[in-house]
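Student:
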Amino acid sequence: MTEPLIKIEDLSLGFTAKDGRQAPILRGLSLELAPGETLGIVGESGSGKSTVALAMMGYLKPGLSVFRGRAVFDGNDMFALPEKERTSLRGSSIALIPQNAGQALTPTLKIGQQIDEALRLHTALNADERKIKVLELLNRVRLPSPEDIAERYPHELSGGQQQRAAVAMALAGNAKALLLDEPTTGLDVTTQAHILEFLRSLAKELGVAMIYVSHDLGVIARVADRVAVMYAGMLVEEGPTRDVLRAPNHPYTRGLLASIPRLGEPGIPASMPGVPPAVGSELTACAFADRCPQVRPHCKDGVPVLEPRGECQVRCPFAGEPAPDHLSTLREPQVREARALELQDVAISYHKPGFMNRWLKKPEPAPTVDRAGFVLKKGETLGLVGESGSGKSTILRAIAGLAGTRKGSVTLGDGESLNAPVAGRNRETLRRVQMIFQNADASLNPRQSIGEILMAPLKLYFGLKGAEAQARAEALLEAVRLPARYMSHFPGQLSGGEKQRVGVARAFAANPEVTLCDEVTSALDVSVQAAALALLTRLQRENGSSYIFVSHDLAVVRAVSDRVAVLYQGRICESGPAEQVYAPPYHPYTQTLMGAVLEPDPDTAPTLLANDMSEKAPPATGCPFQRRCAKRIGSICDTMVPPAQELADGHVIHCHIRMSAAGCQEAAAVPELMPAE
Amino acid sequence: MLKLLATIASKPSGALGLGLTLFHLALAVLAPWIAPFDPTAQNADAILLAPNATHLMGTDTLGRDVFSRVVHGGRLAIAVTFTAAVIATLWGGFAGIFFGTVGGRVDEYSMRIVDAFLSMPWLLFLLLIISIGGAGPLTIIPNLGFFYGVAVLRVVRGAAMQVSARDFVTAAKARGEALWPILTREMFPNLSDILLVEGAMRWSWMLLAFSSLSFLGFGATPPTPDWGLMVAQERGLLSTAPWGVFWPCVALSSLIIGINLLADAVGKALGLDRATAVAV
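Taken in order, these protein sequences are the chains called A and B. Heads up, the first sequence is in our numbering, so the first residue is 662 and it goes up one at a time. Heads up, the second sequence is in our numbering, so the first residue is 2 and it goes up one at a time.
1) Helix, strand or coil, according to DSSP, for Met1035(A) in the structure here?
2) What is the rounded straight-line gap between the Cα of Ser749(A) and the Cα of Val115(B)?
3) Does Gly724(A) come within less than 8 Å of chain B when only Cβ atoms are used?
4) According to DSSP, is Pro37(B) helix, strand or coil?
5) Look at Ser1070(A) and Gly1112(A) and say whether their C-beta atoms are less than 8 Å apart.
6) Quick one: what's Cys1178(A) bridged to in DSSP?
7) Write down every uninterrupted run of the beta strand (DSSP E) in the region 1129 to 1211 of chain A whose length is 3 residues or greater and which is fully enclosed by it, in chain order.
8) Nearest-angstrom Cα distance between Gly229(B) and Ile1114(A)?
9) Taking Asp168(B) as the query, report the chain A residues whose CB atoms sit under 7 Å from its CB, ordered along the chain.
10) Can you give me the start and stop residues for the alpha helix (DSSP H) that Gly1069(A) sits inside?
11) So which residues on chain B does Ala1061(A) lean against when the C-beta distance must stay under 8 Å?
12) Report the option in Met112(B), Leu145(B), Asp46(B), Ser254(B) whose CA atom is closest to the CA atom of Ala86(B).
13) Expressed to the nearest angstrom, what Euclidean distance is found between the alpha-carbon atoms of Gly916(A) and Arg106(B)?
14) Go ahead and pull the three-state DSSP assignment for Cys973(A).
15) Using a 10 Å radius around the Cβ and a threshold of 16 neighbouring Cβ atoms, would you call Ile793(A) buried or exposed?
16) Would DSSP call Ala1226(A) helix, strand or coil?
17) Going straight from the alpha carbon of Leu1037(A) to that of Arg113(B), what length do you get?
18) Hey, how far is the Cα of Met1301(A) from the Cα of Cys1284(A)?
19) Measuring only between beta-carbons, confirm whether Val1353(A) sits less than 8 Å from chain B.
20) Return helix, strand or coil for Gln774(A), following the three-state DSSP convention.
21) Going along the region 110 to 143 of chain B in order, which residues come within less than 7 Å of chain A, judged by CB to CB distance?
22) Grab me the residues of Arg952(A)'s own chain with a C-beta within less than 7 Å of its C-beta, minus the 5 sequence neighbours each way, in chain order.
23) Can you give me the C-alpha to C-alpha distance between Leu944(A) and Ile195(B), rounded to a whole angstrom?
24) So Leu1196(A) and Val1141(A) are supposed to be a Cβ contact under 8 Å. How far apart are they, rounded?
25) Is it the case that the Cβ atoms of Ile1097(A) and Asp1179(A) are separated by a distance below 8 Å?
26) Could you check whether the Cβ of Thr1029(A) sits closer than 7 Å to any heavy atom belonging to the ligand ZN?
27) Which residue marks the beginning of the beta strand (DSSP E) containing Ser703(A), and which one marks its end?
28) Assuming contact is defined by CB atoms lying nearer than 8 Å, are Ala1081(A) and Gly1062(A) in contact in what I supplied?
29) Flag this pair as yes or no: are the beta carbons of Ala950(A) and Cys960(A) separated by less than 8 Å?
30) Measure the CB-CB distance between Ala732(A) and Ile669(A) and report whether it falls below 8 Å.
31) Report all residues from its chain with a CB closer than 6 Å to the CB of Val1181(A); omit the five preceding and five following residues, and keep chain order.
32) Does the structure place the region 12 to 22 of chain B close enough to the region 246 to 260 of chain B that three or more beta carbon pairs sit under 8 Å?
33) Assuming Val1187(A) contacts Arg992(A) under a Cβ cut-off of 8 Å, what Cβ separation, rounded to an integer in Å, is found between them?
34) Under 8 Å between C-beta atoms, does Ala172(B) make it to chain A?
35) Have a look at Arg1288(A) and Tyr1229(A) and give me their C-alpha separation to the nearest angstrom.
36) Relative to the alpha-carbon of Ala756(A), which residue among His783(A), Lys1023(A), Leu1079(A) has its alpha-carbon at the smallest distance?
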């Protein structure tokens, strides 16, 4: 066996707590990485995955110290090296590509200058040679027209291009290893798929080793040769990607895989109960024992050791035993015929013409959202899917009265108009529509107790006060499965999942008819996400509320929705019953999105259609997808609004290509799909 | 509150700030019992004595005990500026939260008026007002309160704009809450820390401003013992009898430094950064 490039030996590090106790973040971690290999480190927030990655570079976040163990990179004990040598290794032999490349690039320097600077630091090339090298690097990361890109500032590039530029910079120093810390987490699905395919081929081409840190098993499955699953600062399972993801041994890995919603499986995935132990807490038993479905009395006796099992290592003495199945629960939709909400030909624009533009009568740009129309039935969940900038949140804001509509009508089931903004609606109308926000952290006032937060809508809508409000708020907490003692807690004392439950409880305090869910699970860990989805489904069953569920995640939308509308640039491309939208025939954009979804399975490859260009504004005329469409048929796409083709009960596709239940009619005229590299 | 004080005192700079501020407050309250002489009593036999066992800080041109005058010298200044600081923080804070929450045209136009006030050389303006209205505390307090309140307004409005953009305020607006509950329940609790720090900072600046007024003869009137006035009266003898200028200066600067350190420590203990809390 070749000498490993990176070797972490029994590494424990952490911070010193106020009482002088050593609070570990990593607990005796050992890992090896061979040259040219790609290792995926996966875990939920607080598992220590980023800390491991940084430790490989010999970097500790301020306040942390190494308790014991070593991190060896290419024969150098990183923590024993003098600071100067360690710094020179970073960036040249081992480079970090951070989560947000847009922020990691200096905004005032051109891309070319930044790469040139990296070259000057890490190589002995002269100015002319560097100039050639810069273009070569930009070419290598497959950026179109490198000469042009080199002259641009970071903000002039799209998110995907920025990420590529960051990779080009990392490659400037002939790195042997690249550390990628959630490099695609902030990107749209289609861009993410493109970047991952690019990184895969780059690793092969250059033979660099990569450490890929992510919470997303789908991403890991796509790029990694080996996977290390982390939980509470320890490895719980490690092995070849295929073995770990296909036949997981540790109950945590099994639970994690089961809690991911899949495109092909409708229904709410199984969730894991409980929360991981707090960061830095002392462990006397298996860290997962409290959440494990197979827990035995023996599990509480001590921390289990990592044992080899086939090609994997597993930290569970009972790994070989048959595991209970994690079954996803199918929703039982209770859709009634009556309407809860209807949008007709709605246009929304944030554009406010300035004084000069008004005076010069400049034409207005195309509205952010246009021709939006759908019907939401009582007890139904409508999923709105689309990438960032698709206008899905804007539609929710308009329904909630936070953004004004330019055109069209929004009405509740009984004809009550919602065209007016919040100030123009009466209290009863306001009560009937409630919103749950994406980020529970930001949507709960940190200076109010949970009790105060829940009692505000009770007082506003029902005039409840004192003991009555108190009792109702406690009942709401119980409905979202939180203990009544949380009434006096503040949001800062709750975990992310618990905060989101409070957000849900606050919306249901109003007993709404329509609940607007804005990316409600995208800030949560997968195991918590599954529980949140189950909660929303249960509350819908109990209260008969209708949901509009906005998400960028097609699998999540599939799990909870009866009907789905796919949005691009504020225009609906396709809508219909979930099972029909998720099956052919597709709108070209739907197909692009579906192709880019990553399954936590190393043997499914994404299909890359269309390029990953990002658009800032919708085109003035024609089809919204005209500029990226892989199946563009001609100038008709640029000039004419595509017709609505109704295929079967309510399945509508807006496209110039003639569709039928069998598929695209003009498939022959369409260029071949680009297969993934 | 006790916990906050403990956190403040846990760092040397915080402990020093708290100590200096409390020391001066105690000195002001207990001055009649601490001072060995009547601060206004003149003594023709003891003019310009250097510091000695009877007169710890020497005597001034009229033979008054400098130590007694320094001990008494903060009383008027502290009382006037503290009241003015409370007024400035209250009105500036409320208006700042209001404009930061409401936004839009109302905010935009009001801020142009605020800009106009901030661009005025307010010390000269204050001198004009005082020369019309007289030099009493009843003229000085509201005017200091008003002028410093404009700056408080500007800072708090900036912070309020950040808070009002957060989702919990959006949630309250979407729920249909009226403006008053949004201001008091959603906004104020998230800005009270900034108000506290901002108030303390303005207080220390006002002390300097009041002393400047006294120095120019527009603040305290003779024979009131006041630090600014003392410096003004004795400044001609700086080379021969420096104690008459030195000790009031020490007293004034130590109080201002104390309040500054305290405000910093309060800000840090509450998790604020002075750089963001005091932007103007």
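Don't be surprised by glycine CBs; every beta carbon is placed ideally from N, CA and C. In this text the structure is predicted, and so the values were computed from the model without any measurement.
Tutor: Based on what the coordinates show:
1) According to the sequence as given, residue 1035(A) is Phe; it is not Met. Strand at Phe1035(A).
2) 52 Å
3) no
4) Three-state result, Pro37(B): coil.
5) In this structure, the beta-carbon distance from Ser1070(A) to Gly1112(A) does not fall below 8 Å.
6) Ile1097(A), Phe1210(A)
7) 1175 to 1179
8) Each residue's alpha carbon lies about 51 Å from the other.
9) Phe1098, Asn1100, Ala1103, Ser1104
10) Here Gly1069(A) belongs to no alpha helix (DSSP H); instead the beta strand (DSSP E) covers 1066 to 1073.
11) Ala175
12) Leu145(B)
13) Between the C-alpha atoms of Gly916(A) and Arg106(B) there is a straight-line separation of about 53 Å.
14) Residue state for Cys973(A) is assigned as strand, using DSSP reduced to three classes.
15) exposed
16) strand
17) One C-alpha to the other measures close to 47 Å.
18) 7 Å
19) Absent from the model: residue 1353(A). The displayed extent of chain A is 662 to 1338, so no value can be given.
20) helix
21) none
22) Met933, Pro934, Gly935
23) Between the C-alpha atoms of Leu944(A) and Ile195(B) there is a straight-line separation of about 40 Å.
24) 6 Å
25) yes
26) Although the ligand ZN was asked about, the structure shown includes no ligands whatsoever.
27) Looking at the sequence itself, residue 703(A) is Val, so the reference to Ser does not match. 699 to 703 is the span of the beta strand (DSSP E), which, as asked, contains Val703(A).
28) yes
29) yes
30) yes
31) Ile1097
32) yes
33) Their Cβ separation, rounded to whole angstroms, is 19 Å, which puts Val1187(A) and Arg992(A) out of contact at 8 Å.
34) For Ala172(B), a Cβ of chain A is located within less than 8 Å of the residue's own Cβ.
35) 12 Å
36) His783(A)
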